[in-house]
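Reading through the structure tokens given below for one structure.
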């Protein structure tokens with residue numbers, strides 16, 4: 037019966053469920069704008085032209101485009117749960133995401149992933165879950181859970197995953213670690229993560245069937261990866277410089293092999309700028325044709341991931357639609373998911389159900405008794421220092437003659453209270469009489485704490501408590517705290533509260549951090565991640581990413 | 037072990053099985069040429085750069101490109117069996133085809149299809165079989181077999197089909213014939229066939245999930261179909277006019293949504309011009325960028341049909357490779373399938389195995405006793421005449437005042453000797469004292485016979501015999517015969533013999549046909565096909581394709 041109804045409606049023999057009248061419709065296949073109505077029945081686009089419907093919505097000549105697809109995102113980085121994330125991004129035109137729940141997986145394993153899936157399942161936003169491939173990211177850090185090759189095979193069969201999430205352990209892959217290879221062999225769709233990998237090492241990475249990478253930071257790298265058959269998923273978080281540079285290097289050939297993603301973006305920033313919408317805006321500002329930018333946000337990621345019937349306004353495609361005031365999506369007037377109006381004038385207009393039980397992911401923070409002295413180490417000019425590069429996740433390994441102007445950094449294992457603590461110094465990340473601590477420390481999410489004095493550092497750590505989150509201490513006093521009880525990563529509050537809370541700790545952070553151009557929490561959260569060059573600090577100590585070894 | 041070997045070879049740690057040295061490598065992703073070596077191990081491309089191999093082939097700066105993919109072909113139209121077809125096209129750079137065995141299916145049903153699959157299985161050419169969706173094409177003709185919706189479901193599950201072949205019965209689909217809808221519902225990949233369909237009827241066709249069409253005959257039609265999310269598969273047989281016109285209308289947006297195909301091309305023409313190679317050459321002559329044309333012959337059809345790891349020279353892709361003297365493939369020096377050299381200097385260089393048993397598809401022609409009078413009808417100016425358009429499969433329905441200059445046409449049911457005979461007149465297809473008859477009459481493959489006198493027509497029909505084929509009669513004498521014992525459609529001889537035999541009947545045909553610019557056998561074979569506008573003749577009579585009814 038379903039097909040009969042769709043055909044009959046397409047022919048105009050019966051009224052559509054919904055007709056969006058008088059739209060400027062973005063045609064991602066021919067790269068043009070068509071004026072007309074879009075008819076929707078049973079959640080499917082049935083026709084473009086002149087139609088009448090049971091329900092009619094006058095687009096008044098505004099621009100109707102396919103729902104945006106975020107090609108790679110860690111929902112946890114928003115600091116809100118999936119159901120809240122949906123509320124947050126749906127009104128901003130995002131109707132599908134490819135998401136990697138590897139933050140919560142590193143804390144709570146499959147229980148954490150199942151919580152995410154459970155919390156996501158009633159939301160209109162379509163979450164395409166990838167199974168985290170690197171839990172933990174490397175053997176050089178202590179995570180709260182491990183997903184091995186056997187688990188990987190089992191989970192891929194048992195649960196509804198689109199594929200295997202970002203294979204960050206490229207050294208493990210290239211040097212043929214059996215566990216890593218077995219993971220790669222168990223999935224057809226595999227996301228890549230290989231910053232700066234090039235030449236024969238990149239060949240070796242690509243030969244395994246990995247077909248995406250979202251870690252390109254320059255045009256040359258992007259083109260090399262595209263040339264080898266990978267989709268370059270261009271990340272546009274808060275920092276846009278690298279994104280805009282890469283977009284400027286896209287040409288008529290490569291334009292079909294790029295997609296947009298946010299990767300990690302918190303609720304406050306999403307609220308202020310949007311996610312994929314912001315990618316499109318920046319791409320167009322960088323000189324990209326608007327429809328090409330819309331393609332990179334719609335049909336390209338759909339093709340990349342084999343997402344059927346998604347990414348275009350055409351008959352037989354899902355009625356995931358975004359109505360924008362202008363072709364470049366600044367003001368988003370309305371958003372439909374499967375033909376249902378779910379966003380209007382920047383607000384979600386659907387009923388949110390929350391049925392997931394977060395019990396297994398609550399109170400995850402376990403820190404043993406520590407003293408202030410445990411958090412700092414003696415300066416030694418033979419030991420390298422992490423040099424932060426403002427606006428980039430990549431950092432530099434440098435050597436300094438003295439500790440002047442450097443900051444203390446410590447990473448405390450927080451899942452099993454093992455007492456592991458890594459310590460080092462950081463450059464370009466200066467504090468004045470204060471410290472910040474956070475349970476968000478990619479990807480094992482141990483507690484990272486930075487400061488100019490050990491006493492404030494200890495206060496900041498202790499202020500995290502069992503439920504965890506982010507704390508800011510100034511002159512011995514806790515001046516900011518964002519509580520993140522879900523795995524120590526996410527709030528259980530509405531996103532509006534979380535965005536407000538984040539703004540408050542941001543203000544607090546400014547009081548203790550010297551460099552104003554740096555996001556102190558984003559920087560802190562990536563300092564432990566041992567898969568992004570060049571130097572990182574885990575709970576096991578300083579890690580040289582280039583040589584892939586603990587120092 | 038397999039992945040370890042590929043990775044080690046990509047890294048250059050061990051020698052590749054084969055290295056094609058010093059090539060100009062066509063990069064279909066970035067649209068550029070890269071100089072270097074291509075390393076192949078276990079049939080897979082492992083790296084591009086500098087490599088050494090157990091076996092090395094010096095490309096001497098020639099152009100190395102992905103193996104060509106014919107996006108839609110009826111192998112039977114070559115008049116040779118699949119194993120011979122492979123021998124014929126492999127040296128011409130075709131390494132994969134998407135093929136629809138609906139000619140043999142109309143004669144012998146699933147037995148015919150199984151013969152094709154069997155005969156294809158040992159050939160290096162990869163045959164991606166589609167299950168014929170319209171056997172018979174319509175209810176207005178008598179075929180030798182029927183594949184109904186129940187069979188369709190069963191065969192799709194039981195045998196290795198890529199999807200459902202061209203849905204030619206667009207009226208059946210649009211008017212919601214339950215049998216037709218059930219067929220469409222049983223497959224995710226469905227080929228289209230909807231010449232001149234447009235507007236809401238095309239919307240209704242596309243809403244069912246049909247995502248290709250190879251029947252476009254002008255730019256407007258092509259763009260409308262692309263706009264609705266279909267791939268436009270551009271056909272370039274012997275006639276190139278429409279193909280070149282459409283290619284000229286392809287732009288930077290639509291270039292990724294086209295592919296090339298041959299549909300129906302006989303062994304002689306293939307031998308003379310190639311198949312997909314000829315498409316590329318004509319596309320470039322019509323102004324298309326050579327690498328864009330190569331994309332339409334490689335990565336685009338791979339994307340269209342979801343053919344994994346096909347269509348590019350990149351790590352992890354199958355080593356289906358073509359080495360050409362020039363970027364536009366004129367002289368093809370070497371062809372590799374899965375890394376094995378299978379074509380060299382225009383010759384197949386592999387051992388052909390023939391193990392398929394053709395018994396069930398032999399001696400398929402059953403014609404009852406008929407007289408010359410059975411083959412002609414009285415002229416009546418109220419009955420429309422078929423007007424052939426040189427160089428096009430589409431024809432015109434016209435009315436004439438007299439039979440002057442018109443040709444007799446008859447279509448004789450030949451599967452069950454029912455005695456059904458359709459009769460009419462044809463324009464622009466003039467004979468002089470002769471007739472031709474053929475068992476190839478799309479798609480039911482009844483006997484069609486055309487001539488200027490009934491006596492020669494009868495001799496031509498009777499000369500076909502039980503095994504069938506094509507006959508030419510001049511002044512009462514059989515002056516040409518091509519025997520096609522496999523289903524009355526294909527020879528069981530090597531393609532070289534068939535090409536020679538076809539050339540001979542072509543010469544014979546010229547002696548009886550007046551219009552030199554027309555291919556008499558191609559025209560004859562499409563005159564019964566009731567799914568291409570405007571007027572056709574089946575064994576049941578004249579059929580108006582536009583109104584979709586027998587007259």
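Chains as they are written, first to last, in the numbering used here: chain A, 37 to 587; chain B, 37 to 587.
Note that CB positions come from ideal geometry on N, CA and C, so glycine has one too.
Quick caveat, the model's predicted, so the values are computed rather than measured.
Residues that residue i contacts on chain B, provided the C-beta gap is smaller than 8 Å
i                     : result
residue 234 (chain A) : Here the premise fails: no neighbours, minimum Cβ distance about 11 Å.
residue 221 (chain A) : 39
residue 244 (chain A) : 39, 42, 43 and 352
residue 259 (chain A) : 66
residue 56 (chain A)  : Those within 8 Å of residue 56 (chain A) in chain B number zero; the least Cβ separation is about 15 Å.
residue 339 (chain A) : 339
Residues sharing a beta bridge with residue i, DSSP
i                     : result
residue 372 (chain A) : A:357 and A:377
residue 589 (chain A) : Residue 589 (chain A) is absent from the model: chain A starts at 37 and stops at 587.
residue 293 (chain A) : In the DSSP output, where bridge partners are listed per residue, residue 293 (chain A) has none listed.
residue 486 (chain A) : A:445 and A:472
residue 102 (chain A) : A:357
residue 57 (chain B)  : B:94
residue 450 (chain B) : According to DSSP, residue 450 (chain B) bridges with nothing at all.
residue 463 (chain A) : A:423
residue 132 (chain A) : A:105 and A:162
residue 75 (chain A)  : A:55 and A:83
residue 14 (chain B)  : Residue 14 (chain B) lies beyond the residue range present for chain B, which begins at 37 and ends at 587; the question has no answer from this structure.
residue 171 (chain B) : B:183
residue 89 (chain B)  : B:52
residue 457 (chain A) : A:448
Residues that residue i contacts on chain A, provided the C-beta gap is smaller than 9 Å
i                     : result
residue 293 (chain B) : 65 and 66
Proximal chain A residues relative to residue i, where beta-carbon distance stays under 8 Å
i                     : result
residue 239 (chain B) : 46, 47, 82, 83, 84, 85 and 351
residue 212 (chain B) : 39, 40, 43 and 44
Residue i and residue j closer than 8 Å at C-beta
i                     : j                     : result
residue 142 (chain A) : residue 180 (chain A) : yes
residue 12 (chain B)  : residue 249 (chain B) : A query on residue 12 (chain B) cannot be resolved here, the shown segment of chain B reaching from 37 to 587 and no further.
residue 574 (chain B) : residue 455 (chain B) : no
residue 577 (chain A) : residue 563 (chain A) : no
residue 81 (chain B)  : residue 485 (chain B) : no
residue 169 (chain A) : residue 219 (chain A) : yes
residue 103 (chain B) : residue 131 (chain B) : yes
residue 98 (chain B)  : residue 360 (chain B) : yes
residue 215 (chain A) : residue 240 (chain A) : no
residue 494 (chain B) : residue 439 (chain B) : no
Contacts of residue i in chain A (Cβ-Cβ under 7 Å)
i                     : result
residue 288 (chain B) : 288
residue 254 (chain B) : Those within 7 Å of residue 254 (chain B) in chain A number zero; the least Cβ separation is about 15 Å.
Contact set between residue i and chain B, taken where Cβ atoms lie within less than 9 Å
i                     : result
residue 263 (chain A) : 63, 65, 66, 68, 70, 84 and 350
residue 217 (chain A) : 39, 40 and 43
Inside the segment 505-559 of chain A only - beta strand (DSSP E) runs reaching at least 3 residues: For the segment 505-559 of chain A, the full-length beta strand (DSSP E) segments reaching 3 residues or more read 505-510 and 513-519 along the chain.
Go through the segment 405-448 of chain A residue by residue and report every complete run of the beta strand (DSSP E) that reaches 3 residues or more, in order. DSSP runs (the beta strand (DSSP E)) wholly in the segment 405-448 of chain A: 421-423, 432-434 and 443-448.
Between the segment 523-542 of chain B and the segment 112-120 of chain B, do at least 3 Cβ pairs fall closer than 8 Å? The segment 523-542 of chain B is in contact with the segment 112-120 of chain B.
Tell me whether the segment 72-85 of chain B and the segment 349-369 of chain B touch, counting them as touching only if at least three CB pairs, one residue from each stretch, are closer than 8 Å. Using a Cβ-Cβ distance cut-off of 8 Å, the segment 72-85 of chain B and the segment 349-369 of chain B are in contact, since at least three pairs of beta carbons, one from each stretch, lie closer than that value.
Whole beta strand (DSSP E) elements within the segment 179-248 of chain A, 3-residue minimum: You should have 199-203 and 226-228.
Meets three-Cβ-pair contact criterion under 8 Å: the segment 472-490 of chain A and the segment 169-176 of chain A: Result yes; three or more Cβ-Cβ pairs closer than 8 Å.
Any contact between the segment 366-375 of chain A and the segment 498-511 of chain A? By contact I mean 3 or more CB pairs, one from each, below 8 Å. Result no; under three Cβ-Cβ pairs closer than 8 Å.
Ranges of the alpha helix (DSSP H) found wholly within the segment 282-352 of chain A, counting only runs of at least 4: Counting whole runs of 4 or more residues, the segment 282-352 of chain A contains the alpha helix (DSSP H) stretches 303-309, 312-321, 326-332 and 335-341.
Could you say if the segment 434-448 of chain B and the segment 459-471 of chain B meet the contact criterion of at least three C-beta pairs nearer than 8 Å? Contact check between the segment 434-448 of chain B and the segment 459-471 of chain B: three or more CB pairs, one atom from each, fall below 8 Å, which counts as touching.
Cβ contact check for the segment 59-69 of chain B and the segment 333-351 of chain B: 3 or more pairs under 8 Å: The segment 59-69 of chain B, when compared against the segment 333-351 of chain B, does touch it at the 8 Å Cβ threshold.
Cβ contact (3+ pairs, closer than 8 Å) linking the segment 420-439 of chain A and the segment 502-516 of chain A: Too few Cβ pairs lie closer than 8 Å, so no.
Would the segment 139-158 of chain B and the segment 387-399 of chain B be scored as touching if the rule is three or more Cβ pairs under 8 Å? Enough Cβ pairs lie closer than 8 Å, so yes.
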